[in-house]
Amino acid sequence: MLFSGRRKLLTALLQAQKWPFQPSRDMRLVQFQAPHLVGPHLGPQMGNGGRVINLNAFDSMLPKMMTQFLEQGEAILSVARRASGAQFPVLPWLEVTSLAPATWPDKVVCVGMSYVDHCKEQNVPVPTEPIIFSKFANSIVEPYDEMVLPSEMAVVIGKKGKHIKATDAMAHVAGFTAAHNVSARDWQMRHDGKQWLLGKTFDTFCPLGLALVTKDSVADAHILKICSNNNTNQMVVKTEERIAWVSQFVTFYPGDVILTGTSPGVGVFRKPPVFLEKGDEVQCEIEEQGVIISKVM
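Okay, here's the thing in structure tokens:
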């Protein structure tokens with residue numbers, strides 16, 4: 001594999017080179033395109049909505065895509081942190097086109113009924129184990145430049161693993177991002193068999209972003225405000241337990257995405273129901289992870 005030989009090179013580079021500055025621990029990684037660059041690129045975002053460093057310009061050996069980047073492990077994350085602290089040319093955010101921070105993952109795992117109040121609004125019992133379904137990779141799409149309901153915290157896997165213990169789960173996490181878990185309720189609710197999979201896997205039905213916020217940049221992923229009406233401390237099953245549970249039957253790979261569940265207030269369960277229409281804009285926000293806006297086309 002092309003990138004497998006780069007890990008030794010990058011590790012040696014880190015050990016041999018004396019850096020005159022301290023790496024930043026608060027890191028937001030973004031994928032982007034720019035008019036003068038060929039194809040997608042990757043780099044740390046300086047501040048929320050500020051400038052971005054092109055990591056490939058910092059070191060031409062670095063991967064340009066998030067999945068390949070995460071496959072290199074902690075050594076390459078250290079390079080990115082050092083790039084954040086370097087006096088290095090940056091690109092103004094207005095000059096780049098943002099992409100989803102995780103594109104074409106091996107899998108997108110969705111967890112249903114994650115919040116007690118969401119179970120109550122559907123008049124269903126609170127589950128004792130995660131309820132798992134999925135989306136297709138081509139449902140992921142970049143949002144507008146900035147993410148009301150449903151906002152979900154997404155976990156991005158950084159290390160391959162199966163049969164992961166809950167106590168080891170965070171070692172397999174690269175970071176977090178905001179997600180908009182879109183559903184076509186006509187397909188999901190009105191067709192025979194309650195087509196959850198079809199209702200949630202249309203192209204573009206999973207806006208992510210804008211940035212992958214590395215796990216060490218988030219003080220506690222289970223005490224984060226979701227827009228203005230909920231908090232991740234209300235999740236029934238915490239991140240570590242859900243990773244351990246799902247890894248019993250699937251192997252996680254770098255770049256995989258876990259959507260951690262919808263909080264209460266979903267339109268189809270309101271009285272009267274509320275549905276998105278063409279031209280609507282959905283704003284979703286997770287504390288410490290940013291805001292994105294998705295427009296219904």
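As numbered in full-length UniProt numbering, the sequence shown has no gaps in its residue numbers, which increase by one up to the final residue, 297.
Glycine included, C-beta positions come from ideal geometry on N, C-alpha and C.
Residue 92 burial status per 10 Å Cβ neighbour count (16 or more: buried) = Position 92 of the sequence shown, counted from the first residue, corresponds to residue 92. By the neighbour-count rule (16 or more Cβ atoms within 10 Å), residue 92 is not buried but exposed.
Could you tell me how far apart the beta carbons of residue 236 and residue 116 are, in whole angstroms, since I believe they sit closer than 8 angstroms?
-> Sequence index remark: in the sequence shown, residue 236 carries index 236 (1-based). Sequence index remark: in the sequence shown, residue 116 carries index 116 (1-based). Correct: roughly 6 angstroms between the Cβ atoms.
Look at the Cβ atom of residue 37, then the Cβ atom of residue 29, and state whether they are nearer than 8 angstroms.
-> Position 37 of the sequence shown holds residue 37. Position 29 of the sequence shown holds residue 29. Going by C-beta atoms, residue 37 is not nearer than 8 angstroms to residue 29.
Quick one: using the 10 Å Cβ neighbour count with 16 as the cut-off for buried, is residue 232 buried or exposed?
-> Within the sequence shown, the letter at position 232 stands for residue 232. Buried is the call here.
Which of helix, strand or coil DSSP assigns to residue 182 | Within the sequence shown, the letter at position 182 stands for residue 182. If DSSP states are grouped into helix, strand and coil, residue 182 belongs with coil.
Can you tell me whether DSSP reads residue 154 as helix, strand or coil?
-> Walking along the sequence shown from the start, residue 154 turns up at place 154. Here residue 154 carries a strand assignment [DSSP, helix/strand/coil].
Three-state secondary structure (DSSP) at residue 285?
-> For the purposes of this step, residue 285 is taken as residue 285 along the sequence shown, with counting starting at 1. Three-state result, residue 285: strand.
What are the start and end residues of the alpha helix (DSSP H) that includes residue 79?
-> Within the sequence shown, the letter at position 79 stands for residue 79. Taken as a continuous stretch (DSSP letters only), the alpha helix (DSSP H) holding residue 79 covers 74-85.
Run of the alpha helix (DSSP H) containing residue 118, from where it starts to where it stops | Along the sequence shown, one-based indexing puts residue 118 at 118. From DSSP, the alpha helix (DSSP H) with residue 118 extends over 116-122.
Assuming residue 286 contacts residue 113 (C-beta within less than 8 angstroms), just tell me the rounded distance between them.
-> Within the sequence shown, residue 286 is the residue found at index 286, counting from 1. Within the sequence shown, residue 113 is the residue found at index 113, counting from 1. Actually they do not touch by this definition, with Cβ atoms about 19 angstroms apart.
Contact set for residue 137: own chain, Cβ-Cβ below 7 angstroms, skip 5 residues either direction = In the sequence shown, the residue the question calls residue 137 occupies position 137. Contacts found: 104, 105 and 108.
Sequence-distant residues of its chain with Cβ nearer than 8 angstroms to residue 179 (five each side left out) | Translated into positions along the sequence shown, residue 179 becomes position 179. Here the set comprises 147, 151, 152, 153, 154, 206, 207, 208, 257, 259 and 284.
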